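Worksheet for the structure shown next.
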Amino acid sequence: MTSSAYRKFAQPQLSEASIQAVADVLRSNWITTGPKVNELEQALSQTFGNRPTRLLTSATGAMEVALALCNIGAGDEVITSAQSFFSAMNMIVKCGAKPVFVDCDLVTRAIALDQVEAAITPRTKAIMPTHFPGALGDMDALYALAKKYQLRVIEDAALVQGSKWQGKPVGAFGDIATFSFHPNKNMTTIEGGAIVLNDEAEAQRVEVLRFHGIAKLPDQTRDVVEASGKFNMSDVSAVIGLHQLTQFDDFMAQRQVLAEHYFTSFPAIPGIVLPPQGQPDQTWNMFCVLIPYENFGHTRNSFRAALHDAGIGTGVSYEACHLTTVGKSFGYTEGMFPNAERIARETVTLPLHVGLMAADVDEICAVVKRVLVG
Ligand SMILES: Cc1ncc(COP(=O)(O)O)c(C=O)c1O
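Numbering (full-length UniProt numbering), first residue to last: 1 to 374.
This is the structure:
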């Protein structure tokens, strides 16, 4: 049995109970930030080793707030991977700092720590690595480096909620971690994000930063203590997250089954690079493969079109940040980060979400084989 005629590459799974709970919140007359946000923050904190956790409207907003929290701005440098979604680069640029790109591992896509060390200057304030499904980079080495040079670390953990390093969930150790609850992520709040922090003082500053920089004065009036934006999550979103969290382990187990089916069913074709296999305690938000399309008489577009015609949705995760218009404006050019550039050229994201069944994955693999080698 398969799931449906058209397999989207990602799709949220919303229970009837969560839909009912949204209606209840809407009828409660308290629909913006309130008790459900508090409840979800506490529930998430428990999954992050009881570290202070605050909700925001997106992971991108969480990164903007994280950079402000670390007092990063004009004249500072932040080291980040050339292969990631655009959020880290954009938020670094937006706060006035310079994004210093380095390459990543071709298979795990983890930031290349030897290149990080070489890129550190007296202006460097932080490292912003992105974690990818299937394997984390060496977190001990990352934090040893950060400690050696007294750098902050802001982990972009948007894709890896639930993944563990040596038995500890991402977010439960280290410095700052940001998570996304966009509908394509491991759990959703429609749009939303979380930031995991070191202590209550940081959490209190995040509460100020996520709401206009407002602090309440003893006389019940308000002060603006630092100029900031507005990133507070609504209770409507939070109640969805609470329901998603109760299903989280089942979601991850299903994603694991699907990833294992990809590894067993994927055609063994020379030149194709699969994601890392067999690392313990990893969650599977995406299944991205690298394909040298021209070896099979294709471009990525013609390959994706052939899959689309066979009822299979695909994505591209991700383009190379340093080759975007914004990246190039900092002097970056083609050829500087070969792994990031190869990933950007060859990557394709295949369907992987909780609505899929193992038989879907087997069929997708059969179509990939037919399209590439007949
Ligand atoms: C690696 C990574 N980081 C950050 C984000 C941004 O997440 P959000 O949409 O919640 O801002 C995404 C979204 O796709 C992502 O894939």
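Glycine included, every Cβ here is placed at the ideal spot set by N, Cα and C.
Note that the structure is a prediction, hence the values are computed from the model and not measured.
- Not a single heavy atom of ligand 1 lies less than 7 Å from the C-beta of residue 67.
- Judged by their CB atoms, residue 190 and residue 66 are not nearer to each other than the 8 Å cut-off.
- The beta strand (DSSP E) runs lying completely inside the region 8 to 66 and spanning 3 residues or more are 53 to 56, given in chain order.
- In this structure, the C-beta of residue 193 approaches ligand 1 to less than 7 Å from one of its heavy atoms.
- The Cβ atoms of residue 177 and residue 40 lie no closer than 8 Å to each other.
- In the three-state reduction of the DSSP assignment, residue 248 falls in the helix class.
- Per DSSP, the continuous alpha helix (DSSP H) segment holding residue 209 begins and ends at 200 to 209.
- At least one heavy atom of ligand 1 lies closer than 7 Å to the C-beta of residue 59.
- According to DSSP, residue 195 shares a beta bridge with 54, 178.
- If you look at residue 140, you'll find it in the alpha helix (DSSP H) that goes 139 to 149.
- Contact check for residue 133 and residue 285: beta-carbon distance about 5 Å, within the 8 Å limit, so the pair qualifies.
- DSSP places residue 305 inside the alpha helix (DSSP H), whose first and last residues are 300 to 309.
- Excluding its 5 nearest sequence neighbours in each direction, residue 292 has C-beta neighbours in its own chain below 7 Å: 271, 346, listed in chain order.
- DSSP places residue 77 inside the beta strand (DSSP E), whose first and last residues are 77 to 81.
- In the three-state reduction of the DSSP assignment, residue 255 falls in the helix class, which pools H, G and I.
- Under the DSSP assignment, residue 152 falls in the beta strand (DSSP E) whose first and last residues are 152 to 156.
- The C-alpha of residue 187 is placed about 13 Å away from the C-alpha of residue 253.
- Inclusion of residue 228 and residue 209 in the CB contact set at 8 Å is warranted, their separation being smaller than that value.
- Here residue 36 is buried: its Cβ has 16 or more other Cβ atoms, across all protein chains shown, within 10 Å.
- In the three-state reduction of the DSSP assignment, residue 286 falls in the coil class.
- A distance below 8 Å separates the beta carbons of residue 142 and residue 129.
- In this chain, the beta strand (DSSP E) harbouring residue 224 covers 222 to 224.
- Closest option to residue 226, judged by alpha-carbon separation, among 275, 4, 71: 71.
- Here DSSP, grouped into helix, strand and coil, assigns residue 315 to strand.
- Scanning 47, 4, 99, 163 for the CA closest to the CA of residue 331 turns up 99.
- Counting only residues of its own chain and dropping the five nearest sequence neighbours on each side, residue 11 has a CB closer than 7 Å to the CB of 353, 355.
- For residue 240, DSSP records no beta bridge to any residue.
- Taking all protein chains shown into account, residue 329 has fewer than 16 neighbouring C-beta atoms within 10 Å of its C-beta and is therefore exposed.
- With a threshold of 7 Å, the Cβ atom of residue 85 counts as near ligand 1, since some heavy atom of the ligand is closer than that.
- At a Cβ-Cβ threshold of 8 Å, residue 156 and residue 63 count as neighbours.
- When DSSP reads this structure, residue 127 sits in a beta bridge with 79, 153.
- The DSSP-derived three-state label of residue 269 is coil.
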